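Under full-length UniProt numbering, the first residue of the sequence shown is numbered 1, with each subsequent residue one higher.
Every residue, glycine too, gets a C-beta built ideally from N, C-alpha and C.
None of the values given here were measured: they were computed from a predicted structure.
Some notes on the structure that comes next.
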Amino acid sequence: MNLKALYKLGYGLYVVCSRKGDRLNGQIANTVFQIASEPPTIAVSINKNNLTHDFIKESKVFTASVLSQDTPRVMLRRKR
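Have a look at this one:
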């Protein structure tokens, strides 16, 4: 984990992803925060009704990537 990035986590948009077996899933989230610096630990707020929640609950792992301010709006649209 990049500790400089950890210490600078703040409000923004993130892509949060997880896996369930060989299936991958991701979503846009706006709540990712540091909960400990040793060991470096982050938490993410995910709606329990989202598929990503199920994937995280089963695998107990997730990734979070910070989206830049110039992320194309098409990336932020909800897929139906």
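task = Please name the residue, chosen from 41, 56, 37 and 45, that lies closest to residue 29 on a Cα-to-Cα basis.
result = 45
query = What first and last residue would you give for the beta strand (DSSP E) that runs through residue 37?
reply = 32-37
query = CB residue 67 to CB residue 25, shorter than 9 Å?
reply = no
DSSP beta-bridge partners of residue 12 = Looking at the DSSP assignment, residue 12 forms no beta bridge with any residue, so it has no partner.
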